[in-house]
Amino acid sequence: MRRSARMTDGNNEITQTIDIDKIVRHRAGKRAWLIPRFLTRLVERLIHQDFINGYLGQGRVGVDFCKGVIDYLGVTVHVEGEQNLPPAVRPCIVVSNHPLGAIDGVTLGYVIGRHYGGHVKYLVGDLLMNLKGLAPLCVPVRQSGRQQGRDFPQMVAKAFGGQDNVIMFPAGLCSRRQDDGRIRDPQWHRFFIKKSVQYRRDVVPVHFIGQNSPRFYRVARFCKRWRLPNLAKLLLPDEMYRSQGKTYSVRIGKPIPWQTFDRSRTPDEWAGWVQDQVYSL
7 MRRSARMTDG NNEITQTIDI DKIVRHRAGK RAWLIPRFLT RLVERLIHQD
57 FINGYLGQGR VGVDFCKGVI DYLGVTVHVE GEQNLPPAVR PCIVVSNHPL
107 GAIDGVTLGY VIGRHYGGHV KYLVGDLLMN LKGLAPLCVP VRQSGRQQGR
157 DFPQMVAKAF GGQDNVIMFP AGLCSRRQDD GRIRDPQWHR FFIKKSVQYR
207 RDVVPVHFIG QNSPRFYRVA RFCKRWRLPN LAKLLLPDEM YRSQGKTYSV
257 RIGKPIPWQT FDRSRTPDEW AGWVQDQVYS L
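Residue numbers (the numbering used here): 7 to 287.
Okay, here's the thing in structure tokens:
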């Protein structure tokens, strides 16, 4: 049985549910008729659609949405170094490793958003815009399977040029098991370095400590080996479901002044350097 609920946004009413069949068919466009219903039902079970909609039915929005996810899952979070966050008068860029792919994101949204009175934004993949309670905090930086929208540069400029603190996961995807057996992000992208210098925002390194299940890493490694699409991404809602009752730690380091990122290294090298700083926390 599908659970549904509605929340209000000004004078507009927003349906606060996830409907995988509807999302998939909308993205498929004219090819939607090729997708059998049993396949979307399988995905609905895989992502625990009813469980997710049970939470979405609460109608929470913004930072409160993030806090609600933590409560709904019964997750405990230990935060170390919150005193290192810079004063609210100087918006920063918060960069973190991405070990879990879901609960780590909403947890940081709550921790950073609570500290700064809700002044926080994520740069995220556009699929997360389907979570209407989270959407007010999001800037879609990647159009899944499509070209980037023409208004993307303006949205990014608004996010970094405003008063919101911006949370980023520079790897672009969640951590993988490396050849040496360690669970670690792929190489970080330089985008946050460029924006730090361009907008004169200090960078706050954050180390989120946690791991997904061995199954997730096996699937991710299989896809990489055989050059398949990132099918491991489909397992992330199930990984979040499995996180119920778990305890995670968040370690916040001291801000790195934007002036640090000079021409003594390339932006890619600076990104790798910051990544190493994160894992040393």
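No residue lacks a Cβ here, since even glycine has one placed at the ideal position from N, Cα and C.
Everything numeric in this text was worked out from a predicted model, so none of it was measured.
Put F267 into one of helix, strand or coil per three-state DSSP. coil
Report yes if the C-beta distance between Y247 and H54 is below 7 Å; otherwise report no. yes
Taking I76 as the reference, which of R96, L91 and T113 has the closest Cα? T113
Could you name each continuous alpha helix (DSSP H) segment of 4 residues or more that falls completely within the segment 108 to 156, going from the start of the chain to the end? 109 to 121
Can you confirm whether the segment 154 to 173 touches the segment 93 to 104 when touching is taken to mean that 3 or more C-beta pairs between the two stretches lie within less than 8 Å? yes
Comparing alpha-carbon positions, which option in V145, F198 and R227 lies nearest D185? R227
Considering only residues of the same chain and omitting the five flanking positions on each side of G124, which have a CB-CB separation below 8 Å? G68 and V69
Suppose you measure from the CA of A11 to the CA of T266; what does that come to, to the nearest Å? Summary for A11: the model assigns pLDDT 39, below 50, so the residue's position carries little reliability, and this model does not support an answer.
Enumerate in chain order the residues of its own chain whose CB-to-CB distance from Y61 is below 8 Å, with the five nearest sequence positions on each side excluded. G74, V75 and Y78
N- and C-terminal bounds of the beta strand (DSSP E) containing T82: T82 to E86
Quick check: I58 and S249, are their CB atoms within less than 7 Å of each other? no
Could you round the C-beta distance between V81 and Y205 to whole angstroms and report it? I think they count as a contact, below 8 Å. With 8 Å as the limit, V81 and Y205 do not qualify as a contact, their Cβ atoms being about 32 Å apart.
What is the C-beta distance between V117 and F198, in whole angstroms, given that I count them as a contact (C-beta under 8 Å)? With 8 Å as the limit, V117 and F198 do not qualify as a contact, their Cβ atoms being about 18 Å apart.
What first and last residue would you give for the beta strand (DSSP E) that runs through S249? It is not in any beta strand (DSSP E) - S249 carries neither H nor E in the DSSP assignment.
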